[in-house]
Structure formats: structure tokens, C-alpha cells
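Chemist: Got a structure for you, questions after.
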Amino acid sequence: MGPLKLQQKMLNRTKKPLTILGYVACVSALLYAVPHLWWGMGISVAFPDEYKSFSDDIWLVAIGFGVMGFIAILAALFALSFIKSWG
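For the sequence shown, position 68 matches number 74 in the working numbering, and the numbering has no gaps at all.
So, in C-alpha cells, the structure goes:
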């Protein structure tokens with residue numbers, strides 16, 4: 007077994023756990039994004055407090071829920087970029 011084959015074998019061994027961690031990061035970011043997006047749309051399912059007690063300020067809702075949900079989706083895509091090569 008030459009040094010190139012040994013190097014390839016070691017690379018394949020470390021690639022699988024990193025791939026799993028990338029998928030875990032992607033799924034957890036999406037699980038964070040989904041409730042924030044539906045809370046931003048006014049759906050109170052799984053809200054941790056009384057939803058009606060939350061502010062009616064549209065900018066607070068847009069930034070607090072909409073932007074955070076969008077950033078979490080970008081984080082999910084960023085986690086996938088370590089798994090798949092794009093472009």
C-alpha cells in the first residue's frame with residue numbers, strides 16, 4: 007500500500023463524521039428557522055410565552071422573527087457548503 011492510498015483511506019475515514027456533523031448543523035439551523043418564520047407570520051404555535059403579550063410593532067416582529075429566520079436559513083446553507091461542493 008503506497009503513501010497515496012494510505013492518505014486517501016485516512017481522508018475517507020475523517021470525511022464521514024464531518025459529513026454527519028454538517029447535516030446535523032443544517033437540520034438544527036432549519037429547526038431554529040421554522041418557528042421564527044411562522045411567528046413572524048403571526049402563527050402562535052409553540053410560542054414560549056403568551057403570544058398576545060408580544061409587541062405589535064411591525065419592525066420588531068420583522069427583525070426579531072423574519073430576519074432571524076432568514077439568517078438561520080443562510081446558516082443551514084452554510085453548513086451544507088462544507089458537505090457538497092457547489093459551482
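Backbone N, C-alpha and C define an ideal beta-carbon position, used for all residues, glycine too. All values derive from a computational prediction rather than experimental measurement.
Where do the ends of the alpha helix (DSSP H) carrying Ala78 lie?
Modeler: Within the sequence shown, numbered from 1, the residue matching residue 78 stands at position 72. Looking at the DSSP string, the run of the alpha helix (DSSP H) that includes Ala78 is 74-86.
Chemist: Measuring only the C-alpha atoms, how far is His42 from Asp62?
Modeler: Along the sequence shown, one-based indexing puts residue 42 at 36. Along the sequence shown, one-based indexing puts residue 62 at 56. Each residue's Cα considered, the two are about 16 Å apart.
Chemist: Rounded to whole angstroms, how far is the Cβ of Gly46 from the Cβ of Val67, which I believe are closer than 8 Å?
Modeler: Position 40 of the sequence shown, counted from the first residue, corresponds to residue 46. Position 61 of the sequence shown, counted from the first residue, corresponds to residue 67. Yes, Gly46 and Val67 are in contact; Cβ-Cβ is about 6 Å, under 8 Å.
Chemist: Measuring alpha carbon to alpha carbon, tell me which residue in Lys11, Leu36, Pro23 is nearest Phe84.
Modeler: The residue you call residue 84 lines up with position 78 of the sequence shown. Nearest of Lys11, Leu36, Pro23 to Phe84, Cα basis: Leu36.
Chemist: Kindly list the residues whose CB is nearer than 7 Å to the CB of Trp44, restricted to its own chain and excluding five residues on each side of it in sequence; keep chain order.
Modeler: What you label residue 44 is simply residue 38 of the sequence shown in a count that begins at 1. Only Val51 meet the Cβ criterion.
Chemist: Can we count Phe88 as close to the ligand GTP, meaning its CB is less than 7 Å from some heavy atom?
Modeler: This structure does not include the ligand GTP; it has no bound ligands of any sort.
Chemist: Could you check if Gly48 is buried or exposed, using at least 16 other CB atoms within 10 Å of its CB as the buried criterion?
Modeler: Counting from 1 along the sequence shown, the entry for residue 48 is found at position 42. The residue in question, Gly48, is exposed, as its Cβ has fewer than 16 Cβ neighbours within 10 Å.
Chemist: Ignore the nearest five residues each way along the sequence and tell me which others in Phe71's own chain have a CB closer than 6 Å to its CB.
Modeler: By 1-based counting over the sequence shown, the position of residue 71 is 65. So the list reads His42, Trp45, Gly46, once near-sequence residues are dropped.
Chemist: Check Gly70 in the structure and name its three-state DSSP category.
Modeler: Looking up residue 70 in the sequence shown gives position 64. Of the three classes helix, strand and coil, the one that applies to Gly70 here is helix, per DSSP.
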